[in-house]
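Notes for the one structure printed next.
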Amino acid sequence: MKLKTFTAPSYTEALNKVKETLGDDVVIVSSKEIKRKTLGSKGLYEIVVAVEDEESVKKVYDNRQSSYNDKMDDVMLKLSSAAKEINNISSKKELPQNSLKPVKNDEILQLKEEINKIADTLKYLQASVWDISKKEDLELPPEFSEIYALAKASGITTNYLNEIMKLTIKYMPLKMRKNRSAIKRYFYTLLKKMIPIRIEREIKHPHKKIMMFVGPTGVGKTTTIAKLAARYAYKQNSRHKVGIITLDTYRIGAVEQLMTYAKMMKLPIETVVDPSDFEEALNALRHNDYILIDTVGSSQHDREKIEKLTSFLKVNTFAEININLVLSTITKYEDLVDIYENFSVLPIDTLIFTKLDETKTYGNIFSLLLDTKKPVSYFSVGQEVPDDLMQANTEYLLKGILEKEFN
Ligand SMILES: Nc1nc2c(ncn2[C@@H]2O[C@H](COP(=O)(O)OP(=O)(O)OP(=O)(O)O)[C@@H](O)[C@H]2O)c(=O)[nH]1
Ligand SMILES: [Mg+2]
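Each residue of the sequence shown is one higher than the one before, starting from 1 at the first, in our numbering.
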């Protein structure tokens, strides 16, 4: 195995030197800015490349002094070898643009497994990695500028985006970078593995599920409950018994709104004012498979209203109360974080996003899911009850993030 060092005033120039001298068949072992560019002088960028098999590269990693810890090295190495595999596959077989359908062959399955492992470790390491990234600037090779611009325009926060870009720039083999669709596929796979999804599982008798929906005013809690009630009662493989409770007796017209839906769907509904009523209402509805609980919408800064909800959670129940925080996609990222933090006095289990039909920039959702590591269960995609609701899926989200101008 050989190690070669290339220096130039910028990353791109250093990379061009690598390509001119060694062609594309090299693995980048490290790249760093040695001297920062100033007004009066050029900067200096160093790329170290290895030109042999994976085992030899591993030895280099094992030996070199690095600011990353051992686990990080491991991730880098795996990412590198996964990228290499993608490279081999992509040079053999050109997948159709924008196709997300998995191609069933052993190489791809193996690759998927490898990327799964990397993504898991990445998730685990996220917190520490982001700290490292904030200290360094990102120099973007031109072949990544399109994907970077799309991801950035979608609202993915810069710290996540920069770190993902850095790992990719560093470890994606040169051959693969020439291929626009391969770059995109690499991103899809990586981002997809980072988004936690709560898969819907139908309740089987005698299990029961109690779901409470909390969140800011007007985000679509009541509408989502009506859609879910219809889904569980009439639209799943088997029909379920669904009961509804509303704690929102505060706002004029709120009870009527839910009553109307319940009547149309012929579902039982209970109205509750304080915790003792709540216990009674739950018991009255205990023969149901699902009990859906609506709550009064509250500003994230109205601590009193949010904390009042905790008093309802103290009552005795026959099943755990599963808390779903409902958030609107049209809320900007900083506000989503603020809302999440303030509602976190409640034991939030799952996130639901609404109004995905009102925007195409889903980067705020992506960043919040990475921040909170809470799974997302449903997307509400319009006002129509019951149809405009779908199970959360990463393809839908990533299309919004990466595919706007790709066709
Ligand atoms: N475009 C769009 N509108 C939605 C969606 N979900 C809900 N809405 C609309 O948003 C408005 C508020 O919906 P509600 O279900 O009453 O919201 P809420 O969170 O219960 O509101 P409060 O109880 O007042 O806090 C209604 O006009 C809904 O039709 C969605 O996914 N897309
Ligand atoms: Mg409501």
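Where a beta carbon is used, it is the ideal one built from N, C-alpha and C, also for glycine. Computed from a predicted structure; not experimentally measured.
| Asked | Found |
| --- | --- |
| Residues near Leu402 by beta carbon distance below 8 Å, same chain, minus five either side | Ile147, Leu150, Ala151, Ser154, Lys184, Phe187, Tyr188, Leu191 |
| Nonlocal neighbours in the same chain, by C-beta distance under 6 Å from Ile132, ignoring five residues either side | Model confidence at Ile132 stands at a pLDDT of 38, short of 50, so the residue's coordinates are unreliable and nothing is read from them. |
| Sheet register partners of Lys374 (DSSP bridge) | DSSP, once it has assigned bridges, lists no residue as partnering Lys374. |
| Endpoints, alpha helix (DSSP H) assigned at Lys17 | 11-22 |
| Close Cβ partners of Thr217 (< 8 Å) along its chain, the five nearest in sequence each way excluded | Gly297, Ser298, Ser299 |
| C-alpha distance - Arg198 paired with Glu46, whole-angstrom precision | 43 Å |
| DSSP three-state assignment for Ser30, whether helix, strand or coil | strand |
| Alpha-carbon spacing of Lys4 relative to Tyr11, whole angstroms | 15 Å |
| Residue from Tyr232, Leu44, Thr271, Lys227 with nearest C-alpha to Gln383 | Lys227 |
| Whole beta strand (DSSP E) elements within the stretch 261-337, 3-residue minimum | 269-271, 290-294, 321-328 |
| Same chain only: Cβ atoms within 6 Å of Ala262, ignoring 5 sequence neighbours per side | Ile244, Ile269 |
| Nearest neighbour of Lys170, chosen from Val27, Leu336, Ala254 [CA to CA] | Val27 |
| Lys308 CB to nearest heavy atom of ligand 2 below 6 Å | no |
| Spatial distance of Gln391 from Asp274 (CA atoms) | 32 Å |
| Endpoints, beta strand (DSSP E) assigned at Ile195 | No beta strand (DSSP E) holds Ile195; DSSP gives it neither H nor E. |
| Meets three-Cβ-pair contact criterion under 8 Å: the stretch 333-349 and the stretch 366-378 | yes |
| Proximity test, Thr223 beta-carbon vs ligand 1 heavy atom, cut-off 6 Å | yes |
| Status (buried if at least 16 other CB within 10 Å, exposed otherwise) for Leu15 | buried |
| C-alpha distance - Thr359 paired with Thr222, whole-angstrom precision | 21 Å |
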